[in-house]
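**Student:** Numbering (this note's numbering), first residue to last: 2 to 190. One structure follows; several queries about it will come next.
What follows is the structure in structure tokens.
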């Protein structure tokens with residue numbers, strides 16, 4: 002169960018975007034859903050990470066508020082919350098803010114190059130090697146993150162978020178590189 006203080010913080014951050022919004026700039030809400038990943042081969046001892054496996058269908062759902070910073074539409078800010086099952090099928094919560102640069106391209110509606118930062122509450126897995134065997138342990142933690150991502154807007158409303166998480170950047174040691182994507186639908190405000 003999510004702590005009520007976290008929910009209050011999430012809604013406060015999401016709603017704060019409306020307080021500084023000007024009427025001339027474009028604003029929207031994106032509903033994010035799904036979440037699929039691929040975990041590349043880990044550098045861990047005896048490849049125990051591969052033997053234990055990973056969840057790669059994250060069954061996520063989230064919301065993101067986006068707003069233009071100027072009438073030209075290229076510079077944007079965002080804030081959002083996303084829930085999903087992490088790589089070990091445990092609940093994961095992500096609260097983020099981000100800067101986006103939107104590039105319009107003739108073949109698709111647009112590309113957003115984003116830099117996101119925030120808090121992530123998830124499970125971390127570690128192993129202790131015991132002779133020819135190993136013991137698995139899990140811990141839950143909240144950490145800050147910074148993550149670049151790319152959003153491909155196929156139409157005005159439908160898009161996909163894509164990100165690549167470098168090896169050892171999540172839990173610090175022996176974690177694999179991860180390619181991740183999720184889908185989204187935009188509602189204009």
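The beta-carbon is built from N, C-alpha and C at its ideal position, and this holds for glycine as well. For clarity, every value in this text was computed on a predicted model and none was experimentally measured.
Is the beta carbon of residue 98 closer than 7 Å to that of residue 119?
**Tutor:** In this structure, residue 98 lies closer than 7 Å to residue 119 by Cβ.
**Student:** State yes or no: is the C-beta of residue 30 within less than 7 Å of the C-beta of residue 188?
**Tutor:** For residue 30 and residue 188, yes; Cβs fall inside 7 Å.
**Student:** Could you pull out every residue in the same chain whose Cβ sits closer than 7 Å to the Cβ of residue 105, ignoring the five residues on either side in sequence?
**Tutor:** The answer, listed in chain order, is 111.
**Student:** Identify every run of the alpha helix (DSSP H) within the segment 30-94, keeping only runs that are complete inside it and at least 4 residues long; order them along the chain.
**Tutor:** Listed in chain order, the complete alpha helix (DSSP H) runs (minimum 4 residues) inside the segment 30-94 are 49-53.
**Student:** Answer with buried or exposed for residue 101, where buried requires no fewer than 16 other C-beta atoms within 10 angstroms of its C-beta.
**Tutor:** With 16 or more other Cβ atoms within 10 Å, it is buried.
**Student:** Quick check on residue 140: buried or exposed, where buried means 16 or more other Cβ atoms within 10 Å of its Cβ?
**Tutor:** So residue 140 counts as exposed.
**Student:** Quick one: what does DSSP say residue 180 is sitting in, helix, strand or coil?
**Tutor:** In the structure shown, residue 180 sits in a strand (DSSP, three-state: E or B).
**Student:** Could you tell me the alpha carbon to alpha carbon distance between residue 148 and residue 164, rounded to whole angstroms?
**Tutor:** Cα to Cα, the separation comes out at about 8 Å.
**Student:** Can you tell me whether DSSP reads residue 145 as helix, strand or coil?
**Tutor:** Looking at residue 145 - three-state DSSP - the assignment turns out to be strand.
**Student:** Decide if residue 76 is buried, meaning its Cβ has at least 16 other Cβ atoms within 10 Å, or exposed.
**Tutor:** So residue 76 counts as exposed.
**Student:** Just how far apart, CA to CA, sit residue 178 and residue 41?
**Tutor:** When rounded, the distance between both Cα atoms is 5 Å.
**Student:** Identify whether residue 114 lies in helix, strand or coil by the three-state DSSP scheme.
**Tutor:** In the structure shown, residue 114 sits in a strand (DSSP, three-state: E or B).
**Student:** Which one of 67, 72, 82 has the shortest CA to CA distance from residue 61?
**Tutor:** Checking every option, the nearest Cα to that of residue 61 belongs to 82.
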